[in-house]
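K.L.:
Read left to right, the sequence shown gives residues 125 to 482 (this note's numbering). The C-beta atom is built at its ideal place from N, Cα and C for all residues, glycine as well. Please see the structure below; I have some questions.
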Amino acid sequence: MATKNLDDAKGNKADEFYTQWADIEKEVQAYLEFNPDVFKGKTILCPCDDPYESKFFKYFALSFNELGLKKLIATCYIGSPIASTQLTLFDDEPEDNKTTRVPHKIEITEGEDYNKDGVFNLYDVELILANKKNALTRLEGNGDFRSDEIKKLRDEADIIITNPPFSLFREFIAWIMEAKKQFLIIGNMNAITYKEVFPLIKDNKMWLGPSITSGDRKFNVPSGYPLKAAGCGYDEDGKPFIMVKGVRWFTNLEHGRRHQPIPFMTMADNLRYSKHKEIRGKKSYDKYDNYDAIEVPFTDAIPSDYDGAIGVPISFLDKYCPEQFEIIKFRKGNDEKDLSVNGKCPYFRILIRRKGAK
Ligand SMILES: C[S@@+](CC[C@H](N)C(=O)[O-])C[C@H]1O[C@@H](n2cnc3c(N)ncnc32)[C@H](O)[C@@H]1O
Numbered sequence: 125m126a127t128k129n130l131d132d133a134k135g136n137k138a139d140e141f142y143t144q145w146a147d148i149e150k151e152v153q154a155y156l157e158f159n160p161d162v163f164k165g166k167t168i169l170c171p172c173d174d175p176y177e178s179k180f181f182k183y184f185a186l187s188f189n190e191l192g193l194k195k196l197i198a199t200c201y202i203g204s205p206i207a208s209t210q211l212t213l214f215d216d217e218p219e220d221n222k223t224t225r226v227p228h229k230i231e232i233t234e235g236e237d238y239n240k241d242g243v244f245n246l247y248d249v250e251l252i253l254a255n256k257k258n259a260l261t262r263l264e265g266n267g268d269f270r271s272d273e274i275k276k277l278r279d280e281a282d283i284i285i286t287n288p289p290f291s292l293f294r295e296f297i298a299w300i301m302e303a304k305k306q307f308l309i310i311g312n313m314n315a316i317t318y319k320e321v322f323p324l325i326k327d328n329k330m331w332l333g334p335s336i337t338s339g340d341r342k343f344n345v346p347s348g349y350p351l352k353a354a355g356c357g358y359d360e361d362g363k364p365f366i367m368v369k370g371v372r373w374f375t376n377l378e379h380g381r382r383h384q385p386i387p388f389m390t391m392a393d394n395l396r397y398s399k400h401k402e403i404r405g406k407k408s409y410d411k412y413d414n415y416d417a418i419e420v421p422f423t424d425a426i427p428s429d430y431d432g433a434i435g436v437p438i439s440f441l442d443k444y445c446p447e448q449f450e451i452i453k454f455r456k457g458n459d460e461k462d463l464s465v466n467g468k469c470p471y472f473r474i475l476i477r478r479k480g481a482k
């Protein structure tokens with residue numbers, strides 16, 4: 125049940141949508157499958173993450189040894205009306221204990237079984253934070269990722285991983301790019317259409333992560349958040365959540381899916397057998413009025429034997445393999461107006477061409 129779009133967070137100053145452990149775990153696993161050492165010896169920074177709420181922090185803290193991390197840093201932004209000042213990392217903390225967030229930084233440099241009970245768990249992390257010098261410190265400023273204090277941590281880090289505030293998504297991407305860091309962030313797929321983001325995708329400096337390609341994702345929200353739309357509700361433990369559509373991972377970490385070419389039918393077979401009634405039975409594919417390319421409204425209807433330019437929806441990027449296709453440009457025809465077919469403009473199109481086409 126699609127309910128909210130992350131765009132809705134634009135007007136929401138807090139931008140407080142908390143990512144689920146399962147979504148983080150599934151995505152991270154895909155990078156490990158491609159390269160088991162991808163995080164080895166690396167410093168990860170989670171710069172929009174109150175460790176007491178963020179599953180990003182908890183996931184990477186608990187996976188510290190398994191991933192072979194060098195350091196995990198999490199910093200938190202002041203001003204949320206919901207975060208905890210009670211230092212507990214456990215999910216059963218009563219909502220009443222939650223007051224205004226204090227900006228702080230957490231640095232973990234080992235996954236130590238602090239209480240020597242034979243397992244490394246969140247209780248050990250809590251003991252490390254309580255007892256180890258410099259593990260938990262107050263930030264000098266407000267924790268804004270744009271501040272010099274957090275920029276310094278960014279420069280120290282190898283990989284930036286978080287769910288950034290959606291209303292600052294563009295700035296967040298620019299902030300990563302100016303430091304040329306590796307990153308894994310979650311956001312709304314409409315960000316593909318931003319003029320600050322599309323060129324990065326076109327130039328293969330950023331791509332979509334493999335684990336989310338459709339459907340809604342669940343995010344926890346602060347108590348008191350209006351749960352108006354269908355699909356919102358309360359977890360078993362009473363935490364409010366919303367379902368969000370159009371969510372995608374954005375990254376420059378390599379993964380296997382993006383190097384798997386998609387199998388396609390020929391143009392003739394598509395026109396004859398396509399499952400899409402918009403294609404099947406037609407004499408030919410539509411052409412744009414203002415660009416020499418065919419309009420292909422479904423990724424699976426791309427003809428395998430067409431050498432010219434092809435206009436596809438942005439969901440093509442869920443399957444994009446840079447060895448199979450090159451991206452030519454976004455949305456505009458030669459006249460710099462939106463691509464149109466018989467005067468009608470289809471929703472955001474990406475122009476692509478088969479690699480190696482004559
Ligand atoms: C979408 S929430 C995600 C929180 C957490 N990363 C997670 O996924 O569970 C974005 C977080 O960024 C914080 N934030 C908002 N503006 C910020 C800023 N300028 N700098 C750093 N963090 C900010 C918000 O308080 C919020 O906790």
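(1) On the DSSP bridge list, what partners appear for His-400?
(2) Sorry if obvious, but does the Cβ on Phe-180 come closer than 7 Å to a heavy atom of ligand 1?
(3) If contacts are defined as beta-carbon pairs under 8 Å, then Ile-309 and Pro-289 qualify, I think. What distance do you get, rounded to the angstrom?
(4) Check whether the Cβ of Phe-440 lies closer than 7 Å to any heavy atom of ligand 1, and answer yes or no.
(5) Rounded to whole angstroms, what is the Cα-Cα separation between Asp-72 and Ile-285?
(6) One question on the structure: do Tyr-409 and Ser-464 come within less than 8 Å of each other, judged by their Cβ atoms?
(7) For the candidate residues Arg-262, Phe-141 and Leu-193, whose alpha-carbon lies nearest to that of Glu-236?
(8) If you measure from the CB of Gly-333, is any heavy atom of ligand 1 nearer than 7 Å?
(9) I'd like to know whether the C-beta atoms of Arg-382 and Pro-446 end up nearer to each other than 8 Å.
(10) Is the Cβ-Cβ distance between Asp-424 and Met-391 less than 8 Å?
(11) Run through DSSP, which three-state label would Asp-340 get?
(12) Measuring straight from C-alpha to C-alpha, what distance separates Asn-344 and Asp-173?
(13) Might you give, ordered along the chain, the residues of its own chain that have their beta carbon closer than 7 Å to the beta carbon of Thr-143, omitting 5 neighbours on each side?
(14) Taking the alpha carbon of Ser-439 as the point to measure from, which residue in Ala-254, Tyr-247 and Asn-312 has its own alpha carbon closest?
(15) Do the region 473–480 and the region 443–459 meet, that is, are 3 or more Cβ pairs less than 8 Å apart?
(16) Here's a check: name, in chain order, each residue in its chain whose Cβ is nearer than 6 Å to the Cβ of Lys-150, leaving out the five neighbours to either side.
(17) Under a Cβ-count criterion, where at least 16 other Cβ atoms within 10 Å of its own Cβ denotes burial, should Val-371 be classed as buried or exposed?
(18) Quick check on the DSSP output: the alpha helix (DSSP H) that includes Leu-186 runs from which residue to which?
(19) Just confirm the distance between the C-beta atoms of Ile-297 and Leu-441, as a whole number of angstroms; I'd bet it's less than 8 Å.
(20) Are the CB atoms of Thr-167 and Ala-281 nearer to each other than 8 Å?
(21) May I have the straight-line CA-CA distance separating Ile-232 from Gly-348, to the nearest angstrom?
(22) How should Asp-114 be labelled, buried or exposed, when 16 other C-beta atoms within 10 angstroms of its C-beta is the threshold for buried?
(23) Do Pro-175 and Ala-198 count as a contact pair if the criterion is CB distance below 8 Å?
(24) In the DSSP assignment, what are the bridge partners of Ala-417?
(25) Using the rule of at least 16 other Cβ atoms within 10 Å of the residue's Cβ for burial, across every protein chain shown, is Arg-478 buried or exposed?
P.N.:
Let me spell this out:
(1) DSSP lists no partner for His-400.
(2) For ligand 1, at least one heavy atom lies less than 7 Å from the Cβ of Phe-180.
(3) The Cβ separation is near 11 Å, so there is no contact.
(4) Not under cutoff, so the answer is no.
(5) With the chain covering only 125 through 482, there is no way to say anything about residue 72.
(6) For the pair Tyr-409 and Ser-464, the CB atoms are not nearer than the 8 Å cut-off.
(7) Per the Cα distances, Leu-193.
(8) Gly-333 Cβ: outside cutoff for every heavy atom of ligand 1.
(9) Cβ atoms of Arg-382 and Pro-446: closer than 8 Å.
(10) In this structure, Met-391 does not lie closer than 8 Å to Asp-424 by Cβ.
(11) The three-state secondary structure of Asp-340, taken from DSSP, is strand.
(12) If I take the Cα positions, the gap works out to 14 Å.
(13) Sequence-distant partners of Thr-143 (beyond 5 residues in either direction) whose C-beta falls short of 7 Å from its own C-beta, in its chain, are Lys-179, Phe-180, Asn-287, Ile-310 and Phe-343.
(14) Among Ala-254, Tyr-247 and Asn-312, the Cα nearest to that of Ser-439 belongs to Asn-312.
(15) A contact exists between the region 473–480 and the region 443–459.
(16) In the same chain as Lys-150, and ignoring 5 residues on each side of it, the C-beta atoms closer than 6 Å to its own belong to Ser-335, in chain order.
(17) Buried, since its Cβ has 16 or more Cβ neighbours within 10 Å.
(18) Run containing Leu-186: 179–186, per the alpha helix (DSSP H) assignment.
(19) So it is not a contact: roughly 15 Å between Cβ atoms.
(20) Note that the C-beta distance between Thr-167 and Ala-281 is below 8 Å.
(21) Roughly 32 Å separates the two Cα atoms.
(22) In this structure the chain extends from 125 to 482, so residue 114 is not present and cannot be described.
(23) Yes. Within cutoff.
(24) As DSSP reads the structure, Ala-417 sits in a beta bridge with Ala-433.
(25) With 16 or more other Cβ atoms within 10 Å, it is buried.
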